[in-house]
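Trainee: Can you read through this structure? Questions will come right after.
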Amino acid sequence: MGTVGELLRQWRRRRRLSQLDLAIAADVSARHVSLVETGKSRPSAEMVLRLADQLDVPLRDRNRLLLAAGFAPRYTERPLDGDALSAARDAVGRVLRAHEPYPALVFDRRWNILMTNRAVEPFFAGVAPDLLRPPVNLVRLGLDPRGLASYVVNLADVRAMFRSRVRRQLATLPDAELTALYEELLAPSPAEEAGGSIEPESDVVIPMVIRVDGRELRLFSTITTFGTPMDITLDEVAIESYYPADAESAAYFT
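Take the position in the sequence shown, starting the count at 1, then add 155; the result is the number in this note's numbering.
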């Protein structure tokens, strides 16, 4: 696991902050940050959490920092379908239903789908059954030819979007399973790396174009997360809501 000082230093470097930057943000001295990182000062649990807060450390990893410092974890991880998170689950369900007739879904930090609204279901009709066995992974579902890839007109754009988002995740929070998913489905080929970046077709947002029922639907999405969660599950879930990018696509859904 490493010492708490080593872990904090890793997070500080991921966030591209100097010891002075972190000290100013956390309202402590730069010398104290240095002493904590080198193991010459043992931080209190409150100091660990104060520094973690300024470093925007996810709750799962705040527990690891506390354990490394010799303290008990502060944050629990309860299933979204359990009684303890019923209020949050109901809130998510209301968001999903309110977004109909447009598609919306909920996924975790590894892109596994946890909930969907009814507007998503028709898109799964032609998907291979093994891809719909839990946990259903959104990245794999979107890029597998037996999944949604055969319906996506601009698959290269969608793959590039997934690649960019997963890369950003891994840059801020390394994860072995997410790394394996990236290497399996998203790692650029030598030809793609040699070709450089592709100019997007829109200077506002790159839509996902899906061919359904003989017509092309153009969709863009937004991401919603919980504010100030105290549970690891809620800290790691996101709601992706899809919107029509033109009048024809809106008419299809309504």
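Glycine residues also receive a C-beta, built at the ideal position from the N, C-alpha and C atoms.
Quick caveat, the model's predicted, so the values are computed rather than measured.
Can you tell me which of the three DSSP states N218 falls into?
Mentor: Your numbering for residue 218 matches position 63 in the sequence shown. N218 falls in the helix class under three-state DSSP.
Trainee: Report the CB separation of P362 from A405 in whole angstroms; it is logged as a contact under 8 Å.
Mentor: Against the sequence shown, residue 362 aligns to sequence position 207. Against the sequence shown, residue 405 aligns to sequence position 250. In fact, because the Cβ distance is near 13 Å, the residues do not count as touching under 8 Å.
Trainee: What does the alpha-carbon distance come out to for the pair L298 and L310?
Mentor: Counting from one through the sequence shown, the residue named residue 298 turns up at place 143. Counting from one through the sequence shown, the residue named residue 310 turns up at place 155. Straight-line Cα distance between these residues: approximately 8 Å.
Trainee: For Y337, list the residues DSSP reports as bridge partners.
Mentor: As a first step, residue 337 must be located in the sequence shown, where it is residue number 182. Its beta-bridge partners do not exist; DSSP assigns none.
Trainee: Terminal residues of the continuous alpha helix (DSSP H) containing I179?
Mentor: Locating residue 179 in the sequence shown gives position 24, counting from the first residue. Taken as a continuous stretch (DSSP letters only), the alpha helix (DSSP H) holding I179 covers Q174 to A181.
Trainee: With M270 as the anchor, note down where its beta strand (DSSP E) starts and where it stops.
Mentor: Along the sequence shown, one-based indexing puts residue 270 at 115. Its beta strand (DSSP E) spans residues I268 to T271.
Trainee: State yes or no: is the C-beta of D386 within less than 9 Å of the C-beta of A239?
Mentor: Start at 1 with the first residue of the sequence shown, and residue 386 comes out as number 231. Start at 1 with the first residue of the sequence shown, and residue 239 comes out as number 84. Yes, the pair counts as a contact, with Cβ atoms nearer than the cut-off.
Trainee: Any idea what DSSP makes of A400, helix, strand or coil?
Mentor: Looking up residue 400 in the sequence shown gives position 245. A400 falls in the coil class under three-state DSSP.
Trainee: Taking only runs of the alpha helix (DSSP H) that begin and end inside the segment 309-335, which ones reach a length of at least 4 residues, in chain order?
Mentor: List check, alpha helix (DSSP H) in window: 310-327.
Trainee: Helix, strand or coil, according to DSSP, for L260 in the structure here?
Mentor: For the purposes of this step, residue 260 is taken as the residue at position 105 of the sequence shown. Correct three-state label for L260: strand.
Trainee: Hey, F278 and L251: beta-carbon distance below 9 Å or not?
Mentor: On the sequence shown, position 123 is the one that residue 278 refers to. On the sequence shown, position 96 is the one that residue 251 refers to. No, the Cβ-Cβ distance between F278 and L251 is not below 9 Å.
Trainee: Apart from the five residues on each side of it in sequence, which residues of its chain come closer than 8 Å, Cβ to Cβ, to D330?
Mentor: Indexing the sequence shown from 1 puts residue 330 at position 175. Around D330: R264, R265 and Q324.
Trainee: Could you check the C-alpha separation between P213 and G369 for me, to the nearest Å?
Mentor: Counted from its first residue, the sequence shown places residue 213 at position 58. Counted from its first residue, the sequence shown places residue 369 at position 214. Whole-angstrom Cα-Cα distance: 44 Å.
Trainee: Ordered along the chain, which non-local residues of its own chain (more than five positions away) have a Cβ less than 8 Å from that of F226?
Mentor: Position 71 of the sequence shown holds residue 226. The residues are A200 and V203.
Trainee: Thinking C-alpha only, which one of P258, G248, H187 and S184 is nearest Y407?
Mentor: The count along the sequence shown starts at 1 and reaches residue 407 at position 252. The candidate whose alpha carbon is nearest that of Y407 is P258.
Trainee: Looking only at its chain, what residues have a beta carbon closer than 6 Å to the beta carbon of E354, apart from the 5 residues adjacent to it on each side?
Mentor: Looking up residue 354 in the sequence shown gives position 199. The predicted model places E354 with a pLDDT of 46, which falls under 50 and marks its position as unreliable; any figure quoted below should be read in that light. Nothing listed; no residue qualifies.
Trainee: Quick check: does the Cβ of A181 come within less than 8 Å of any heavy atom belonging to the ligand COA?
Mentor: Looking at this structure, you won't find the ligand COA or any other ligand, since it has none at all.
Trainee: Let me know if R167 comes out buried or exposed under the rule of 16 or more other beta-carbons within 10 Å of its beta-carbon.
Mentor: By 1-based counting over the sequence shown, the position of residue 167 is 12. Label assigned to R167: buried.
Trainee: Can the beta-carbon of R267 be found closer than 9 Å to that of P289?
Mentor: For the purposes of this step, residue 267 is identified with residue 112 of the sequence shown, where counting begins at 1. For the purposes of this step, residue 289 is identified with residue 134 of the sequence shown, where counting begins at 1. Per the sequence presented here, residue 267 reads as Asn, with Arg not at that position. For N267 and P289, yes; Cβs fall inside 9 Å.
Trainee: From what residue to what residue does the alpha helix (DSSP H) around E161 run?
Mentor: In the sequence shown, the residue the question calls residue 161 occupies position 6. Start and end: V159 to R169.
Trainee: Need the endpoints of the alpha helix (DSSP H) that T388 sits in, please.
Mentor: For the purposes of this step, residue 388 is identified with residue 233 of the sequence shown, where counting begins at 1. I387 to E391 is the extent of the alpha helix (DSSP H) around T388.
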